[in-house]
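Enquirer: Counting from -17, one number per residue, gives the positions in the sequence shown under this note's numbering.
Using N, Cα and C, we set each Cβ at its ideal position, and we do this for glycine too.
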Amino acid sequence: MWLPITSKYLILCLTENSTTWSKFRFRNVQVWTPSFKSPSAANETGAWVTSSTISKLPRRRTFCRDIFIVRLRIGLYNAKESERQSESDVFLKVSVDEIGASGWNEGVNHLPSTSSRRRFLASTSLLATGAALLPNIWLSKTGAAPRKVSANGKLNIAVIGAGGRGGGDTDGVKSENIVALCDVDWAQAAGQFQKFPAAKKFKDFRKMLEEMKDGIDAVVVATPDHTHAVASVMAMRMGKHCYCEKPLTRSIYEARIMREVAHEMGVATQMGNQGTAHSGLRKGVEIIRSGAIGPVREVHVWTNRPVWPQGLVGRPTDQPAVPSTLDWDLWLGPVAARPYHPAYLPFKWRGWFDFGTGAIGDMGCHTANLAFMALKLGHPTSAEAMVSTDTNAETYAGKSIIRYEFPARGDMPAVTYFWYDGGNRPPRYVGNGVKLPEKLSDSGLLLVGDKGVLFSPNDYGAEFTLLPEQDFKGYEAPAPTLPRSPGHHIEWIQACKGGPVAMSNFDYAGPFTESILVGTLAVRAREKILWDGAAMRVTNNEALNRFVKPEYRAGWTL
-17 MWLPITSKYL ILCLTENSTT WSKFRFRNVQ VWTPSFKSPS AANETGAWVT
33 SSTISKLPRR RTFCRDIFIV RLRIGLYNAK ESERQSESDV FLKVSVDEIG
83 ASGWNEGVNH LPSTSSRRRF LASTSLLATG AALLPNIWLS KTGAAPRKVS
133 ANGKLNIAVI GAGGRGGGDT DGVKSENIVA LCDVDWAQAA GQFQKFPAAK
183 KFKDFRKMLE EMKDGIDAVV VATPDHTHAV ASVMAMRMGK HCYCEKPLTR
233 SIYEARIMRE VAHEMGVATQ MGNQGTAHSG LRKGVEIIRS GAIGPVREVH
283 VWTNRPVWPQ GLVGRPTDQP AVPSTLDWDL WLGPVAARPY HPAYLPFKWR
333 GWFDFGTGAI GDMGCHTANL AFMALKLGHP TSAEAMVSTD TNAETYAGKS
383 IIRYEFPARG DMPAVTYFWY DGGNRPPRYV GNGVKLPEKL SDSGLLLVGD
433 KGVLFSPNDY GAEFTLLPEQ DFKGYEAPAP TLPRSPGHHI EWIQACKGGP
483 VAMSNFDYAG PFTESILVGT LAVRAREKIL WDGAAMRVTN NEALNRFVKP
533 EYRAGWTL
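1) When every heavy atom of the ligand ADP is checked, does at least one fall within less than 7 Å of the C-beta of ASN522?
2) Could you give the residue range of the beta strand (DSSP E) that holds ALA477?
3) Between LEU294 and PRO362, what straight-line distance do the alpha-carbon atoms span, to the nearest angstrom?
4) Touch check for the stretch 248 to 267 and the stretch 439 to 456: three-plus C-beta pairs under 8 Å?
5) By Cβ distance below 6 Å, which residues in the same chain neighbour ILE269 in space, the five residues on each side in sequence not counted?
6) Which residue marks the beginning of the beta strand (DSSP E) containing THR447, and which one marks its end?
7) Leaving aside the five residues before and after ALA144 along the sequence, list all residues of the same chain whose C-beta is less than 7 Å from its C-beta, in chain order.
8) Look at the Cβ atom of ALA356, then the Cβ atom of ARG271, and state whether they are nearer than 8 Å.
9) Please report the distance separating the alpha-carbon of ALA532 from that of ASN134.
10) Alpha carbon to alpha carbon, how far is GLY469 from VAL267? Give it in angstroms, no decimals.
11) Might you give, ordered along the chain, the residues of its own chain that have their beta carbon closer than 7 Å to the beta carbon of GLY197, omitting 5 neighbours on each side?
12) Compare the Cα-Cα distances from GLU496 to each of GLU192, THR398 and TYR235 and report the closest residue.
13) Need the endpoints of the beta strand (DSSP E) that GLU533 sits in, please.
14) DSSP has ILE198 in a bridge; who is on the other side?
15) Got a sec? Which residues, its chain only, sit under 8 Å from VAL369 by beta carbon, not counting five neighbours each side?
16) Quick check on DSSP: helix, strand or coil for GLN301?
17) With 16 as the cutoff for other CB atoms within 10 Å, does PHE451 come out buried or exposed?
18) Excluding the five sequence neighbours on either side, which residues of its own chain have a C-beta within less than 7 Å of the C-beta of VAL483, listed in chain order?
19) Below 6 Å CB to CB, which residues in the same chain sit around ALA237 once its five sequence neighbours on both sides are set aside?
20) Per DSSP, TYR411 is paired with what?
21) Please determine if the stretch 499 to 517 and the stretch 336 to 348 are in contact, where contact requires at least 3 C-beta pairs separated by less than 8 Å.
22) By DSSP, does GLU495 sit in helix, in strand, or in coil?
23) Just to confirm, is the Cβ distance from PHE488 to MET240 under 8 Å?
24) Within 8 Å, do at least three Cβ pairs link the stretch 282 to 291 to the stretch 303 to 316?
This is the structure in C-alpha cells:
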C-alpha cells in the first residue's frame, strides 16, 4: 500500500493483508472498509483510508440486486514532514450478496467472514484499479461523467450570472471556450455579450443546462447568494465542474449540500475567494503553522462593509414597474414571491436576509480566510452578536460585533474569534499588551499568539506584519510548504483538466462558509447561541433552526 509522494494518480489494491476493518453506516446499511496505518519511519510515504461513505444506486430493473457505491477517501502521508500531502477518492461498486448479506447487519464487533471478504475483494479490485487511473474518481447515480479535457485542451464554460461580478469571473476564464452566458437581466450582462458574441445567451440557467447538456464542461456561478446553491447543485449533478462565488451559499444547509454533491459527482470545484491564490496569504499560513507567534488563542477580523443599505425598517410598500430587461421571477428563484423594487437590486440584495448574507457573508470568506486555513478551524461551538444596531426581521444589522468560540484542535488551543463590521474595530491593545497602529486599516485581520501578533491590513491577507516589530527583526519565514498558485481561476481550470485540486475547493470552502454563517444566526438572535456543527442545529434556540435550511419555491429545490 506504499506509494511515492509524487504519484499523480492512485491505484488502490485491496488485499486480505488489510485485516483491520472499520464499519460505517449509511441509513440502515452498514459496510466495512479496510483501514491502513499511517507510516512511522522517517522519509516513508504511506496511504491510508481517512473516511468512507456508502450510497445506494437506484434499481434499473425490479429483479436486479441492490448495488452500493463505497467511497474511500485515501490520503498520502509524508512521515518526515508530518504533513498530509494530498487526498484522492476511490469508488468501489458492490452488491449485497457479493459482500455477504450477513455482513450488513451484524453487531459492531463483527467482521465480514473470510469468504465474504474474498467475494468483496474479488468483485472490487478490478473496478478500483481501473477507476483510480483518473485524478477525480467517481461513480454517480446519474451516470453523467465530466468530459475528459487534456491539459492543452479547452473547456467549454458557461457563466451563470454574467453581469456584475460575473463579468470579472468570465474574464478570469476567458482562456477557455465561453460557450454560454446566462443572466436574468440582459442589460447588466450587455458588456459580456459584446465581449463574447459567439456565446449563446440565456436568462434561465435551467433551460441553458438542459439545452446544452454535453456542450458544457464547467460552470461559473456568480449570481446573488440566494441562487448559488440551486444553480451549482443542478450543474454538478449533471457532471459539470463548478466555480462558485463567495460566500458559497446563503445558508448552512446549502453549504453542506454543495460539498456533498461535489464529492458525489467528483467534479473540480473552487469558491471565488480569490485571496486564497495570493502567495502572501499562503506564506502567512506557513508562518502561523510554524509557530512563529506561538499558539493562537484569539482572532480579530474587521471590514468597512456594509457599503449598501442594512438595518432598514422593512420591505418597501410601493410597487414600481419591473425593468423591461429583467425577469423578476427568475431573479427571485427559490425565494417566495414578492413585488419588484429597486431596493433589492442590483448589489443591494446583500443586506436582505432572504437574498444575501450581510457584511459577514460578503467579506468573511475573504478576510478571515488566512485565519481559518492556518488554524484549521472547524465548527464553532457558540456565537454571540454582542453589538447589533437597527435590527429587524428583513435585513441585517447596520453594525455588528460577533464573538465565536472554536474548540481546541489537536495540539492547537481553543480560539475566540471576533468579527467587526459597520465601522466597528478591535481594541487598541491585544494579547500581552501588543499595541496596534494608531490608525487601523478599513479592513484587516489579527491573529494573536502567545509570542506575537500577525497583523494584515487588507481584505485578503496578502500583506502582513509581525508585531511587536522589534521582536521580529531579522525574522526569516519558514521554507514554503504550500504550493504557489498560478492564479485563482487558473487553479480551477487546471483542476478541471485533471491537475491538482484547487485550494479553495468545496471541501474547504463548504465548512468555512458554514462557520461564517453561524454568525448570521447570532445576529438574528441577538443572544448567545450554542451550535452543534455536525447536526447543523442551534441547541438553545429552536426557532433559529428554520433559517439553517431555507424553504424553496416549487421548481427550485436542490
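Expert: Inspection of the coordinates gives the following:
1) As for the ligand ADP, it is missing from this structure, which has no ligand bound.
2) Locating residue 477 in the sequence shown gives position 495, where the first residue counts as 1. Here ALA477 belongs to no beta strand (DSSP E); instead the alpha helix (DSSP H) covers 470 to 478.
3) In the sequence shown, the residue the question calls residue 294 occupies position 312. In the sequence shown, the residue the question calls residue 362 occupies position 380. If I take the Cα positions, the gap works out to 29 Å.
4) yes
5) Position 287 of the sequence shown, counting from 1, holds the residue named residue 269. Excluding residues within five positions, the ones whose Cβ falls inside 6 Å are ALA459.
6) Position 465 of the sequence shown, counted from the start, is the residue given in the question as residue 447. Start and end: 447 to 449.
7) In the sequence shown, the residue the question calls residue 144 occupies position 162. Within the same chain, ALA144 has close Cβ partners THR152, LEU163, CYS164, ASP165, ALA171 and GLN174.
8) For the purposes of this step, residue 356 is identified with residue 374 of the sequence shown, where counting begins at 1. For the purposes of this step, residue 271 is identified with residue 289 of the sequence shown, where counting begins at 1. Contact flag set, yes.
9) Counted from its first residue, the sequence shown places residue 532 at position 550. Counted from its first residue, the sequence shown places residue 134 at position 152. Reading off the sequence, residue 532 comes out as Pro, not Ala. Near 42 Å, if we compare the C-alpha coordinates of ASN134 and PRO532.
10) In the sequence shown, residue 267 corresponds to position 285, counting from 1. In the sequence shown, residue 469 corresponds to position 487, counting from 1. Each residue's alpha carbon lies about 18 Å from the other.
11) Residue 197 sits at position 215 when you count from the first residue of the sequence shown. Counting only Cβ-Cβ distances below 7 Å, and skipping sequence neighbours, we find ASN138 and VAL161.
12) The residue labelled residue 496 in the question sits at position 514 within the sequence shown. Ranking GLU192, THR398 and TYR235 by Cα distance to GLU496 puts TYR235 first.
13) Taking the sequence shown and counting its residues from 1, one reaches residue 533 at position 551. Neither: GLU533 is in no beta strand (DSSP E) and is coded neither H nor E.
14) Taking the first residue of the sequence shown as position 1, residue 198 is located at position 216. BP columns for ILE198 are empty, so no partner.
15) Along the sequence shown, one-based indexing puts residue 369 at 387. Counting only Cβ-Cβ distances below 8 Å, and skipping sequence neighbours, we find LYS381, SER382, ILE383 and ASN406.
16) Taking the sequence shown and counting its residues from 1, one reaches residue 301 at position 319. The answer is coil: DSSP assigns GLN301 none of H, G, I, E or B.
17) As a working note, residue 451 is residue 469 in the sequence shown. It should be pointed out that residue 451 corresponds to Glu in this sequence rather than to Phe. GLU451 should be labelled exposed.
18) Taking the sequence shown and counting its residues from 1, the one referred to as residue 483 is at position 501. These residues qualify, in order along the chain: ALA477.
19) For the purposes of this step, residue 237 is taken as residue 255 along the sequence shown, with counting starting at 1. If we look at ALA237 and ignore the five residues flanking it on each side, its Cβ neighbours are LEU230, THR231, GLY492, THR495 and GLU496.
20) For the purposes of this step, residue 411 is identified with residue 429 of the sequence shown, where counting begins at 1. In the DSSP output, where bridge partners are listed per residue, TYR411 has LYS417.
21) yes
22) On the sequence shown, residue 495 is found 513 positions in, with the first residue counted as 1. In the sequence on display, residue 495 carries Thr and not Glu. It is helical.
23) As a working note, residue 488 is residue 506 in the sequence shown. As a working note, residue 240 is residue 258 in the sequence shown. Yes, these two residues count as a Cβ contact at 8 Å.
24) no
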